[in-house]
Structures are given as C-alpha cells and as structure tokens.
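> Provided herewith is a single structure, encoded as structure tokens, for subsequent inquiry.
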Amino acid sequence: MTRTLFRNRTRPRTRPRAGARRALLCAALLAVTVQTTAAAPVSAEQPGGRAGLGGQDCVPTDGPRDDRARRVLDIARKAKKDLRLKAVQLRVTVDGREVVTDALGESMTGVPARPDMHFRAGSVAFAHIGTALLRLVEERRVRLDDTVERWLPDLPKADRITLRMLATNTTGLHDYVSDPAFLAELEAHPFRAWTPKELVSYPLRHSFWYEPGASWSYSHANYVLLIAALEKITGVRIDRLLREKVTGPLGLRNTQNNFTPDIPRPALHAFTSDRGLYEESTFWNPSWTTAPGAVITTHICDLARSAQAIGSGELLSPRSYRTLLDPGTVGLGGATAKCPATICLKQTEAKHFGFGVIVINGWVLQNPSFSGYAAIQAYLPSERLAIAVSATKTPTTPDGNMAQEVAELIAAELAPGTPLDDLA
Numbered sequence: 001m002t003r004t005l006f007r008n009r010t011r012p013r014t015r016p017r018a019g020a021r022r023a024l025l026c027a028a029l030l031a032v033t034v035q036t037t038a039a040a041p042v043s044a045e046q047p048g049g050r051a052g053l054g055g056q057d058c059v060p061t062d063g064p065r066d067d068r069a070r071r072v073l074d075i076a077r078k079a080k081k082d083l084r085l086k087a088v089q090l091r092v093t094v095d096g097r098e099v100v101t102d103a104l105g106e107s108m109t110g111v112p113a114r115p116d117m118h119f120r121a122g123s124v125a126f127a128h129i130g131t132a133l134l135r136l137v138e139e140r141r142v143r144l145d146d147t148v149e150r151w152l153p154d155l156p157k158a159d160r161i162t163l164r165m166l167a168t169n170t171t172g173l174h175d176y177v178s179d180p181a182f183l184a185e186l187e188a189h190p191f192r193a194w195t196p197k198e199l200v201s202y203p204l205r206h207s208f209w210y211e212p213g214a215s216w217s218y219s220h221a222n223y224v225l226l227i228a229a230l231e232k233i234t235g236v237r238i239d240r241l242l243r244e245k246v247t248g249p250l251g252l253r254n255t256q257n258n259f260t261p262d263i264p265r266p267a268l269h270a271f272t273s274d275r276g277l278y279e280e281s282t283f284w285n286p287s288w289t290t291a292p293g294a295v296i297t298t299h300i301c302d303l304a305r306s307a308q309a310i311g312s313g314e315l316l317s318p319r320s321y322r323t324l325l326d327p328g329t330v331g332l333g334g335a336t337a338k339c340p341a342t343i344c345l346k347q348t349e350a351k352h353f354g355f356g357v358i359v360i361n362g363w364v365l366q367n368p369s370f371s372g373y374a375a376i377q378a379y380l381p382s383e384r385l386a387i388a389v390s391a392t393k394t395p396t397t398p399d400g401n402m403a404q405e406v407a408e409l410i411a412a413e414l415a416p417g418t419p420l421d422d423l424a
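In my numbering, the protein residues as written are 1 to 424.
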C-alpha cells in the first residue's frame, strides 16, 4: 500500500539493488513528493467477473477506437518500451464513459496480460477507508475530532490523537515501513504473516516526531490504528464496513479484501529485484501493508471506477467532499530540529495529503507501489477525467512507481494544462 509522496524523479537502474527498503519507501510515501472489499469475490469458474460498470466485462475496448483512444494507447506502448515494463493495464474514462481499456505485455512468459487480471491495490484502500469514515460522520455516529482513547486505550497520547489525525497522517507516529529493523525482517521473510500488534510495535519504539496535530508525516501505522478504531466504533469488521459504505454502493465487485496472500483469478503476476535477484513476488504476503480486512486486490476497470467515485466525492455530501480534499493538512509539514524535511514533508495547496487521498494540482489520487506491483487511480474533477494504470517490472525497469509515470504521460496528453506530476 505504499505510495510515493513528494517523490524524486527516478533514473534507470543499471543493476538490481537489494531493496525491500527502496520498494517499501517508494510504496510508503505520497506521490506528491508532498488496500476494501467487494460485494462478492471472483470465482475460478467466472474469470474476471464483472467490472461493475453498467454490467460490462472488463475487456479491451471493442470496435473502432477514436483518436483519443489511439493516442492513449500509443503513449502506453511507448512508455512500456521506454520504461522496460513487463505489463501495463490501463483504463481511461471521461464523465464515466470509456475512452479506452486495454492491457499490454505479459503477465508471465507466454501469458498475455488482460484487463480483467487482478493485482494488489495497497493504499487504494486508504481512500476507501477515508470515505467510509466521512460517511460515518455524516450519519453522526462519530466526529472527526473525537480522541481515540475509548477505542485505543493502550495507544500513547490517545487522549490527544483524533480520528482526523489518524486519517490524515498528523499524529506524529513513526512509519514502520521506514524502520530498518522492520525492513530487515520483511526482506528476509517476504512470506511472513504480520499482525497489527506486531506492525504498530515498531513506531512505538520511537518517540513521536511532533505533538499530535502539529505537523504532517506519513505512517502506515495511522491506518492500522484507524481500522482498529473503526471496527470498535461500528462493531463491524473493516472488510464488511467498506463493502457496506464504499465498494458495494459503487459496484466494485472485483475489489476485495484478501485474508491470505492468494489473488483472485485471473491474476496479474508480479516480479521484482527488491532483494537483489529478479524473482516472482506475486504471492509474497501483503499483510504488512495495513490491517486485516483492508488488504485488497482489484482489476483495472474497478480501479477506474474507484478513481472517478472517490475523486468526485460521489458518496459524500459537499461538506465532506471539501474535507476529503483538504482536511486541514495544507500548511503543515516542514523541517524542524526533531523532524527532517524528508519526513515532515511540506503540505501545499498544489501538493498535499487529503483524507486518505493525495491531491496534486487538482488531481485526486492514490498510487500504491510495492513487491513488484505498481498502480495509480487518478481523477481530475474539472475535466471529469479518470485514469487507472497498473504496471509490472522486468529486470531492467527503473526504480519508482512506473504506473504513475505512464499515467502522467496520459494526463499530459488529455489534460495538458493540469499536470499529474509532483515535480511540476
């Protein structure tokens, strides 16, 4: 569920680097340089299921393609070649209407990639969790500025940490994904199943970066704790809560939680050089990415639908949608004597973390990248433009989230005045 937040522009890699650290950090920070469930799992007897979009299958665009579709595919093909990607899946819609859906390259050697192949979606779950929490607020079941001591009594400073702070990464907790001890264990044992208690133990070994609410710093632990709080508030397991509040209403029937490392068939296979040797990582255990019940897989059609719905605030009131886009994070961050600028990233109007989403130049997005998988869902409200991309690696693919690199090129073509680029 990792993201790149205020990332650095990547360069082609000349040799593999031992790097669960690299992939996890790329997966853990926002792409601004500032996983959710489904109504029913896909069965082996029904490969790919339904896309949840007017009852259509998630298949390549049928029939003659217009000029926009051809331009998008030309961009994707060139990017796949230039970035040396193994597979690229993409779907672009405008106002909910398909521009193009397709898949390029291979899932495995000799197995063509298809749009209906499922992949790990990591931090896309955070966008769904943020929307679910805002809906609970609208129902007056909870308030954003409620402190969490009644639900998380063992959490240090629980009487000063609010639900809003957990959802917006303003608690001051360290991120276990950047902890050397955690990274060493994860790199050595990629199939290990992690519990929430084990994950949160790493940031609790450190003092807080700052007093809760005083600044901004990304931490996966915030969402592990937020999930625990939401389950206690509602008395409902998080996968069922997200199905009720988000994925069910949106018809995301191919977006589901997975309690094991399995992936619904058909699966897009992943490969990585994170540990120094190019190897298959499809079934590495993703339990470290967040709490059980929100470790999700999806396919490209569901991802595009998610981009549109979350990015437009479809399930929210106008007031809640404004909170989604800026819950008070703009203006926070910046280096202090205790927190370096690489951790307490400056949150600006153009580039900031919202309520489980990233906002870059008006685009609303999430961009997971970990264990050989990379994806992005991005929506530009002013153009009603949704872009969803998933990408996998060859041994010579550059470092970084290559799905976002492809999406940026598509955005530059379709919305040239509004770059989907945190370095613009």
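C-beta atoms are modelled at their ideal positions from N, C-alpha and C, and glycine is treated no differently.
1) From P115 to S107, what does the alpha carbon distance come to, in whole angstroms?
2) Taking one C-beta from the region 210-219 and one from the region 163-175 each time, how about it: are there three or more such pairs within less than 8 Å?
3) According to DSSP, is F370 helix, strand or coil?
4) Could you give the distance in angstroms between the alpha-carbon of A407 and the alpha-carbon of G110?
5) Considering only the alpha carbon of each residue, which of R77, D57, F119 and R65 lies closest to P266?
6) At which residues does the alpha helix (DSSP H) containing I387 begin and terminate?
7) What is the DSSP secondary structure of W194, counted as helix, strand or coil?
8) Under a three-way DSSP split, which group does F283 fall into?
9) Which residues mark the beginning and the end of the beta strand (DSSP E) in which H128 is found?
10) Tell me which residue opens and which closes the alpha helix (DSSP H) that T323 is part of.
11) Measuring CB to CB, does G333 end up less than 8 Å from L325?
12) In whole angstroms, what separates the C-alpha of L316 from that of E98?
13) Please say whether V72 and V427 have beta carbons closer to each other than 8 Å?
14) For R97, which residues does DSSP report across the bridge?
15) Starting from the C-beta of F208, find all residues in its chain whose C-beta is less than 6 Å away, skip the five residues before and the five after it, and write them out in chain order.
16) When you compare only the Cα positions, how much space is there between I233 and G276?
17) Identify whether L409 lies in helix, strand or coil by the three-state DSSP scheme.
18) According to DSSP, is E106 part of a helix, a strand, or is it coil?
19) Please return the same chain residues whose Cβ sits closer than 7 Å to the Cβ of R384, not counting the five positions on each side in sequence.
20) So G105 and K86 are in contact, right, with Cβ under 8 Å, and what is the actual spacing, rounded?
21) What is the rounded straight-line gap between the Cα of E349 and the Cα of N367?
22) Contact check, L166 vs D146 under 8 Å by CB: the rounded distance?
23) Considering only the beta carbon of each residue, do F271 and G372 sit closer than 8 Å?
24) Could you please give the first and the last residue of the uninterrupted beta strand (DSSP E) stretch that includes H352?
25) In the DSSP assignment, find the alpha helix (DSSP H) that holds T168 and state where it starts and stops.
According to the structure data:
1) Your numbering for residue 115 matches position 115 in the sequence shown. Your numbering for residue 107 matches position 107 in the sequence shown. Near 11 Å, if we compare the C-alpha coordinates of S107 and P115.
2) Yes, the region 210-219 is in contact with the region 163-175.
3) As a first step, residue 370 is located in the sequence shown; it is residue number 370 there, counting from the start. In the structure shown, F370 sits in a strand (DSSP, three-state: E or B).
4) In the sequence shown, residue 407 corresponds to position 407, counting from 1. In the sequence shown, residue 110 corresponds to position 110, counting from 1. A407 and G110: Cα-Cα distance of roughly 26 Å.
5) If you number the sequence shown from 1, residue 266 lands on position 266. Of the listed residues, the one whose Cα sits closest to P266 is F119.
6) Numbered from its first residue, the sequence shown carries residue 387 at position 387. Element bounds for I387: not the alpha helix (DSSP H) but the beta strand (DSSP E), L385 to K393.
7) Counted from its first residue, the sequence shown places residue 194 at position 194. Assigned with DSSP and collapsed to three states, W194 falls in coil, not helix or strand.
8) As a first step, residue 283 must be located in the sequence shown, where it is residue number 283. The answer is coil: DSSP assigns F283 none of H, G, I, E or B.
9) As a first step, residue 128 is located in the sequence shown; it is residue number 128 there, counting from the start. Taken as a continuous stretch (DSSP letters only), H128 belongs to no beta strand (DSSP E), being part of the alpha helix (DSSP H) at V124 to E138.
10) Position 323 of the sequence shown, counted from the first residue, corresponds to residue 323. Unbroken alpha helix (DSSP H) run through T323: P318 to L325.
11) The residue you call residue 333 lines up with position 333 of the sequence shown. The residue you call residue 325 lines up with position 325 of the sequence shown. G333 is not a Cβ neighbour of L325, given a cutoff of 8 Å.
12) In the sequence shown, the residue the question calls residue 316 occupies position 316. In the sequence shown, the residue the question calls residue 98 occupies position 98. Taking the straight line joining both Cα atoms gives about 24 Å.
13) One cannot answer for residue 427 here, as it falls past the ends of the chain, which runs 1 to 424.
14) Working through the sequence shown from its first residue, we reach residue 97 at position 97. In DSSP, R97 forms a bridge with V94.
15) In the sequence shown, the residue the question calls residue 208 occupies position 208. Excluding positions up to five away in sequence, the list reads G172.
16) The residue labelled residue 233 in the question sits at position 233 within the sequence shown. The residue labelled residue 276 in the question sits at position 276 within the sequence shown. Spanning the two alpha carbons is a distance of roughly 43 Å.
17) Here the question's residue 409 lines up with position 409 in the sequence shown. Helix, per DSSP.
18) Along the sequence shown, one-based indexing puts residue 106 at 106. The three-state reading of DSSP puts E106 in strand, counting E and B together.
19) Along the sequence shown, one-based indexing puts residue 384 at 384. Excluding sequence neighbours, R384 sits near V94 and D95.
20) Position 105 of the sequence shown, counted from the start, is the residue given in the question as residue 105. Position 86 of the sequence shown, counted from the start, is the residue given in the question as residue 86. Their Cβ separation, rounded to whole angstroms, is 5 Å, which keeps G105 and K86 in contact under 8 Å.
21) Here the question's residue 349 lines up with position 349 in the sequence shown. Here the question's residue 367 lines up with position 367 in the sequence shown. E349 and N367: Cα-Cα distance of roughly 19 Å.
22) Numbered from its first residue, the sequence shown carries residue 166 at position 166. Numbered from its first residue, the sequence shown carries residue 146 at position 146. Rounded to whole angstroms, the Cβ separation of L166 and D146 is 11 Å, and the two are not in contact under 8 Å.
23) By 1-based counting over the sequence shown, the position of residue 271 is 271. By 1-based counting over the sequence shown, the position of residue 372 is 372. Yes. Within cutoff.
24) Indexing the sequence shown from 1 puts residue 352 at position 352. It spans K351 to F353 - the beta strand (DSSP E) in which H352 sits, taken as one unbroken run.
25) On the sequence shown, residue 168 is found 168 positions in, with the first residue counted as 1. Looking at the DSSP string, the run of the alpha helix (DSSP H) that includes T168 is L163 to T168.
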